[in-house]
Structure formats: structure tokens, C-alpha cells
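Novice:
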Amino acid sequence: MILDDNNDDDIHDDDGDNDDDYANWNEERPSCQLSGGFRFRAIKKLTGEDICEKEWRWSTLEIECMKGDGMTFITPASNTKCNPFTPFKNKKRLVCWAVWESNDFTFMIASDVSSKQPKYCLRFPKNLQGDFIVLVYFSAFCPTHVSGKALPEMEYYEFRMHRRDPNKCEDDDEGKCRSMFRTPDDCAKNRSYALHCPLSCKRCPVPVREELESKTCQFQEILIGNWRYYTKRHFDTEKVTVNITPAVATFSHLSHFECLDRDKMDRKYKMVSFFENGCAPRFTCVEFNRQTANVLQYRISASERLELPMDQLCTFRDDPEPQKDFIRSYQFRNLIRERGFMSSFMPAFCGLSGKIPFDGTVNGHNCSGMVSDWDENRCTAVGTFALTSNTCKELVLPMEFQCLSFISEEEVKQELVITRSLDGTNTYNCWILTDYMKLHSLPLGVRMFYRMPTAQCTLGVDIADMSDGISDAVLYLNYEEKKHECNPQVPVLTSRVTKIVTTNPDYVVHSNKSLIPQETAVDVESNQSKDTSGQSSPITDPHRTERPYKSVSKDSTSCISYSIEILTAIVFVAKALPGGLFGS
1 MILDDNNDDD
11 IHDDDGDNDD
21 DYANWNEERP
31 SCQLSGGFRF
41 RAIKKLTGED
51 ICEKEWRWST
61 LEIECMKGDG
71 MTFITPASNT
81 KCNPFTPFKN
91 KKRLVCWAVW
101 ESNDFTFMIA
111 SDVSSKQPKY
121 CLRFPKNLQG
131 DFIVLVYFSA
141 FCPTHVSGKA
151 LPEMEYYEFR
161 MHRRDPNKCE
171 DDDEGKCRSM
181 FRTPDDCAKN
191 RSYALHCPLS
201 CKRCPVPVRE
211 ELESKTCQFQ
221 EILIGNWRYY
231 TKRHFDTEKV
241 TVNITPAVAT
251 FSHLSHFECL
261 DRDKMDRKYK
271 MVSFFENGCA
281 PRFTCVEFNR
291 QTANVLQYRI
301 SASERLELPM
311 DQLCTFRDDP
321 EPQKDFIRSY
331 QFRNLIRERG
341 FMSSFMPAFC
351 GLSGKIPFDG
361 TVNGHNCSGM
371 VSDWDENRCT
381 AVGTFALTSN
391 TCKELVLPME
401 FQCLSFISEE
411 EVKQELVITR
421 SLDGTNTYNC
431 WILTDYMKLH
441 SLPLGVRMFY
451 RMPTAQCTLG
461 VDIADMSDGI
471 SDAVLYLNYE
481 EKKHECNPQV
491 PVLTSRVTKI
501 VTTNPDYVVH
511 SNKSLIPQET
521 AVDVESNQSK
531 DTSGQSSPIT
541 DPHRTERPYK
551 SVSKDSTSCI
561 SYSIEILTAI
571 VFVAKALPGG
581 LFGS
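Under the UniProt record's numbering, the first residue of the sequence shown is numbered 1, with each subsequent residue one higher.
1. Along the alpha helix (DSSP H) that carries L212, what are the first and last residues, could you check?
2. What does a CB cutoff of less than 7 angstroms around V95 pick up in its chain, not counting 5 residues either side in sequence?
3. For S343, count neighbouring Cβ atoms within 10 angstroms of its own Cβ and tell me buried if that reaches 16, exposed if not.
4. Does DSSP put A386 in a helix, a strand or coil?
5. Please name the residue, chosen from T86, L34, N90 and M66, that lies closest to T60 on a Cα-to-Cα basis.
6. Which word fits E62, buried or exposed, when buried means at least 16 other C-beta atoms lie within 10 angstroms of its C-beta?
7. I need the straight-line Cα distance from C201 to L313, nearest angstrom please.
8. Under 6 angstroms: does the beta carbon of P207 sit that close to some heavy atom of the ligand ZN?
9. Which of the three DSSP states, helix, strand or coil, is assigned to Q297?
10. Please report the distance separating the alpha-carbon of F124 from that of F132.
11. Apart from the five residues on each side of it in sequence, which residues of its chain come closer than 8 angstroms, Cβ to Cβ, to T106?
12. Sort G48, C65, A42 and T47 by Cα distance to R57 and report the nearest one.
13. Among all the DSSP beta bridges, which residues are the ones paired with T60?
14. So K176 is in the alpha helix (DSSP H); what residue range does that whole segment cover?
15. Taking only runs of the beta strand (DSSP E) that begin and end inside the UniProt domain "DUF7043" (214–314), which ones reach a length of at least 3 residues, in chain order?
16. Go through its chain and collect everything with a Cβ distance to Y298's Cβ below 8 angstroms, but skip five positions before and after it.
17. With three or more C-beta pairs closer than 8 angstroms as the rule, is the segment 387–407 touching the segment 298–311?
18. If you count every other CB in all the chains shown that lies within 10 Å of the CB of V146, and 16 or more means buried, which is it?
19. Counting contacts by CB-CB distance shorter than 7 angstroms, is L94 in contact with chain B?
20. Give every residue of the same chain whose Cβ lies closer than 6 angstroms to the Cβ of E415, excluding the five residues on either side of it in the sequence, and list them in chain order.
21. Give the single residue among S301, E276 and C217 whose Cα lies nearest to the Cα of D266.
22. Provide the residue span of the beta strand (DSSP E) that contains C187, from first to last.
23. Assign A140 to one of three DSSP states: helix, strand, or coil.
24. Please report the distance separating the alpha-carbon of Y330 from that of C486.
25. In or out: E276 buried (at least 16 other Cβ within 10 Å) or exposed?
26. Flag this pair as touching only if the segment 443–460 and the segment 418–431 have three or more C-beta atom pairs under 8 angstroms; answer yes or no.
27. Going by DSSP, name the residue or residues bridged to W100.
28. When the Cα atoms are used, what is the spatial distance from L459 to V412?
29. Under three-state DSSP, which class holds I463?
30. For the candidate residues S273, K264 and Q291, whose alpha-carbon lies nearest to that of F283?
31. Please report the distance separating the alpha-carbon of A247 from that of C65.
32. In whole angstroms, give me the CA-to-CA distance for I51 and T292.
33. Below 7 angstroms between beta carbons: does that hold for D359 and Y269?
34. Select from L395, N478 and F181 the residue whose C-alpha is nearest the C-alpha of P443.
35. Using a threshold of 7 angstroms, state whether the C-beta atoms of L135 and G148 are closer than that.
36. Using three-state DSSP, classify K393 as helix, strand or coil.
Right, here's the structure in full:
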């Protein structure tokens, strides 16, 4: 929103229409576009008063040091009136609603973090070199006249500002710093003032960075690689990636992080981020959980300007609106391994282990049919499942999905299946398999199979709490009629039971005992391992190699045993014939 060049009180938007309704603003909020760390002093324009005149320490503004952070104004102390936004508090965070350029200026519309309406306009010069002036209006309407003059009744401030130089070391006030800090103990006892005296306290940015970088650690090898974050937000216009090297993790939608320390379980990592734009270093905790070769889970804490102990830093919670759980979250987020050229995903368990009839809705239409991850020819579960039906047009052609990860916990009556669609769109989704609903109980033997719109989901969620229409597949699976049908391959010539010794004992799919009096196994050339949580993962890829996937089949030992019996019978017959098998 802008005021015209004459600051007429006929307020209008960019299209010239009168509009005081904010319903059409983008609730997800754009980036503030500008970024960096700055020092400033605030002058109240209506009176010309330096509101922090009695304070020699400079105030700080940091913008988008971490993507999505918005703007944070930090004043030297909370017991002064230096903060024009909230007197007697030393921090104020704003989020951007709109950003545009006009003439030589960049305008930002902003609000408090939790506000549902914009409240401020900020005018920055396009050139942020040297000393410059930023005008802050306590209104969502921006005067566009080059003078920046506001309406008489409008409160606004002049911030006299300059960007902090990360390679330069200087005190806010050299004389006062020298008189206050004569020894290192003086700096340790008064950290709030020491932060403004880096030269006197020998805490200059470059040596501090070198000291931190000397303590760097290494990520677990199973975390290293390229990963994708799939979610339906305005950020999806970009390719959201997570790249992890031995010592650095780069989140394209957030920032880069260098490993400083890790806990005894090798799951939680203390990270540090450095910047060249004037932002102070940030300390962040990231927790990883490798589920399978295809899926890596993570959650990330809020970033702090001061280094905290691991137990204090590793506190996880959702961001306030509108970010919510997109970047920082209490629950884990799912990352999908990025496939290289001519590479494929590793096979993973789907969790159904049979053919199960369903009733429900597909794309909003009633539908009944069959969901199956069962191969009748090989008599075993496979790494894909299909939805088939003769009752609804949505499944005239079966829907097929490749399973990337099966996630479960004993204490939760739910499982998660992360999938990739096999219809050519390469859509990634999470399916929730549950027998619990808060509003009404499911019949005995029935479980709900619920497709989420993205690959993001978490255990313990109540389907009843979700918005209507969020899923395009809500299926009620009748486990009472689950089947394991098999097509016989060879006639059974002996009743001797051969004990199966699988090459991968943790990935055995138990068949329905009433139909098949034996076990079937997934034959994968790998050693089964567990993630750091102790939970057994069906398939892991600790060395990030693409081992050949033989097949999902009966264990080969039974075939070998059967072949030996045939050969033994042939030899016996040959010896019994006069003159041997071929005569003398």
C-alpha cells in the first residue's frame, strides 16, 4: 500500500483501488529479499529526538540471516526506551508481507510475527554502502515522495544505519570500552557490554571464526548425500534441496551449517553458520534419523546468536504462523534421496504383505477394489503396491506406487509408507496406515490407508483432525479378507520341510500360515543394519552404493535343496541300470 507523491489521504494500492481489506494478502509471506546485519541509531522524526541518546552502544538490525527469519531489531538493553517498537524490551521481530522497488528505494510492508494484518512500512535505499538512512513508518501505507515525509499524524522514525563489516574489528565506543574492560575477566563478567567491545575484549570476528572452525566435527557417513524436500508451498517454485558433505550441511531454503559437535548417539548435531553480509554467526541444532537408503528424516531448532550447550540448543518446536512446520518443527520432516543419472531407489518394504480389499474414496469418488503389494508368481511381498478396482473410473488403470520407506514404532498404532508414483509424474507422498480415529472407532479388522498430499507426515497424527479434502485417497482396508495367493511353480515331489536360511533375516515377510506353511524372504544383497535410534530398518544403504537388487523371491536355499534331491535320484537310477546310464 502506498500514498501518492503528494501524501494525499486518498489511500490506494498499486492499482489505484481503495482497499482496506487485507484478505487477499499472501498469508505465507514472501522473503524480505534484503539480507545482512546492520548497526543503527533511531531518531523520532516528529520531534528530532534520538530515542537512545543516553546509550553509547549501537542497536542492531539483522534481516534474513536465516531464510524466513524476517527482520530482528536488537537494542542494547531492555531497561531503556531505545526500541521504538516495544519500549523496555530489547528485541522485536517483524515478518515481511510485501516487497517492491520504486525509484531509488526498496519498500517493505511488515507486521509483528503473529499479527494477521500488516502494521509497518520500511523504506531502504537501494544502495546500502557506507552510511544510509532507513525510514520506518508505523503504518502499512508508504509515502512515496523522495523526501519520505509522512502525513502529520503518522508516527515514523529515521534509522541512521551502516552495514557491519565481518572482517573489521571495532568497539562501539573505544574510550568507554577501554575503561570498562582492562582484563579478560572483566569481559567474562559483563557479557552484555562485552559484545559491543570486541576489540577491547579480543573477540574480533575473524579470530572467533577461526577458533570455531578448528573445532568442526564430521557427519555420519550414512547422512552424506543429496536430498530433496517435497512439500506444497510457495517455496515449491524453487528446488528445495539438502546437500550434506562430511562437515557441512546446506539447506537451500534456510542456510548452510558447519558441524561443531554431535551427541553420543550420533543423531543430534550442534552447527554453526557464518555470513559475509554482516550477520552475526548462528548456532543451530539439527537432529537426523536415517530411515532407509531412500529417506532421511530431520528436524531443526531455532538459531541462536550465542553458543549454547547441546541440551539447551536442541529444543524443537514449530515456528509461529505462517511458517509453522515448514522449516523448524517439533516433528521430523522427510527428505527423499536425490537420484543421480541412471540410478534408482533402493527397494523398501511396503508393509501390506498381501492382497487386501478396500472401500473408500479416490479423488473424492466412492470406490471399492483391491490394494496389493503381493506377487502371486513369486509368492512374496514386493517393493511396490497397486490400487485396482472394477467399480470406479478413477481406477480404470491401476495406480501403482514404489515404496521408499516403511516407518513404524511399537508404541504407536500407525505406520507410514513413503512412496513415489509410477504414473510418470514422480509424485512423492506419505501414506498413513492406522486403526485409530478420535471421532469414531473403526470396525474390528479394518484399518484406514490415508494418502497425504506430500511426502510430509508424522506418526501419531489423528486423521479426524485433518481438513476435509486434504487427501485424494481415503481407503478402508478389510484385513479380515487379506489374502496371500500363490501360483505354483513346480509340482511338489517331496513332503520334506527344508528350513529357510535367509540372507537378510530382519526382512522376512511371514505368509498366512493357513495358506502357505513356510516363510518367504526378500532377497537383497546387503547386510541389515539399524539406525541410531535402535529401530530396525527394512533396507539400509550405509555406504550409499547402489547394490544390485536381485528380486523379491523365495529364499534360494530351498531351490538348491530341491535340486540336490533331483540329482541324487538321477544318480541312483543311473547306477541301477545295466551297464550304467549310457551302457557299456
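Heads up, the beta-carbon is just placed ideally off N, CA and C, and yes, glycines get one too.
Specialist: Let me spell this out:
1. Run containing L212: P205 to E213, per the alpha helix (DSSP H) assignment.
2. For V95, where only same-chain residues beyond five positions count, the Cβ hits under 7 angstroms are R29, G70, A110, S111 and V113.
3. With fewer than 16 other Cβ atoms inside 10 Å of its own Cβ, S343 counts as exposed.
4. A386: strand per DSSP, three-state reduction.
5. That would be N90, whose Cα lies nearest to the Cα of T60.
6. Per the 10 Å Cβ criterion, buried.
7. Rounded to the nearest angstrom, the two C-alpha atoms are 25 angstroms apart.
8. Annotation note on the ligand ZN: not contained in the displayed structure, which lists no ligands.
9. DSSP places Q297 in strand when its eight states are reduced to three.
10. Using only the alpha carbons, I get a separation of about 9 angstroms.
11. Residues Q33, L34, V99, W100, R123, F124, P125 and K126 of the same chain have their beta carbon placed closer than 8 angstroms to that of T106, with the five preceding and five following residues left out of the count.
12. Ranking the options by Cα distance to R57, first place goes to A42.
13. Within the DSSP secondary-structure output, T60 pairs in a beta bridge with R39 and I74.
14. The continuous alpha helix (DSSP H) containing K176 extends over residues E174 to M180.
15. DSSP assignment within the UniProt domain "DUF7043" (214–314) yields the following whole beta strand (DSSP E) runs of 3 residues or more, N-terminal first: 225–229, 241–244, 248–251, 255–262, 268–273, 282–290 and 295–300.
16. Beyond the five residues adjoining it in sequence on each side, Y298 comes within less than 8 angstroms, by CB distance, of V242, V286, E287, F288, N289, F332, R333 and L335 in the same chain, given in chain order.
17. Remark: fewer than three beta-carbon pairs, one from each stretch, lie closer than 8 angstroms, so the segment 298–311 and the segment 387–407 are not flagged as touching.
18. V146 is exposed by the Cβ-count criterion.
19. Looking for chain B here will not work: only one protein chain is present.
20. Only G351, S408 and L433 meet the Cβ criterion.
21. Per the Cα distances, C217.
22. In the DSSP assignment, C187 falls outside any beta strand (DSSP E) and lies within the alpha helix (DSSP H) extending over P184 to K189.
23. Annotated three-state conformation of A140 is coil, per DSSP.
24. Computed Cα separation, rounded: 44 angstroms.
25. Classification of E276: exposed, given that the 10 Å Cβ count is below 16.
26. Yes: the two stretches touch, three or more of their Cβ pairs being nearer than 8 angstroms.
27. Beta-bridge annotation (DSSP): W100 is paired with F107.
28. Going by C-alpha positions, L459 is about 7 angstroms away from V412.
29. In this structure, I463 counts as helix in the three-state DSSP scheme.
30. The residue with the shortest Cα to Cα distance from F283 is S273.
31. Distance between the alpha carbons of A247 and C65: 21 angstroms.
32. Roughly 57 angstroms between the two C-alpha positions.
33. The answer is no: Cβ separation not under 7 angstroms.
34. Out of L395, N478 and F181, N478 has the C-alpha closest to the C-alpha of P443.
35. The Cβ-Cβ distance between L135 and G148 falls below 7 angstroms.
36. Correct three-state label for K393: helix.
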